[in-house]
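Comments concern the structure below.
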Amino acid sequence: TDAFADLDLLSAVAAFKDKFYHRGWARYDLAKPGTIKLVPHEHVRKAVVKDYEGMRMMIFGECPDFRDIVEQLRALEAEINTL
């Protein structure tokens, strides 16, 4: 989509997040194609799955399997990082 090609928008969003939602662990300087990570790292995956399972009742309709979500994130991550 057009949003993928708008690298200035990506820079602006990263700068906004760094200014208004700063987190010490976040690497906003790496928010550029080739370095984008959407899939949770293995060391936090259990916590993310637990959180997702706890929130399933908030999702209307069929709730996607977490593994399917991760696969879609992997595909999107690969697409973004080839820009």
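Residue 26 is where the sequence shown starts when you use this note's numbering, and the numbers rise one by one after that. Glycine residues also receive a C-beta, built at the ideal position from the N, C-alpha and C atoms.
DSSP assignment within the stretch 28–58 yields the following whole alpha helix (DSSP H) runs of 4 residues or more, N-terminal first: 32–45. By the Cβ test, the stretch 77–97 is not in contact with the stretch 42–51, since fewer than three Cβ pairs between them sit closer than 8 Å. Ala56 is positioned such that its CB atom lies no closer than 8 Å to that of Leu34. Excluding five sequence positions before and after Ala39, the CB atoms of its chain that fall closer than 7 Å to its own CB belong to Tyr53 and Ala56, given in chain order.
For the set Lys42, Pro65, Pro58 and Ala30, the Cα lying nearest the Cα of Gln97 is the one of Pro65.
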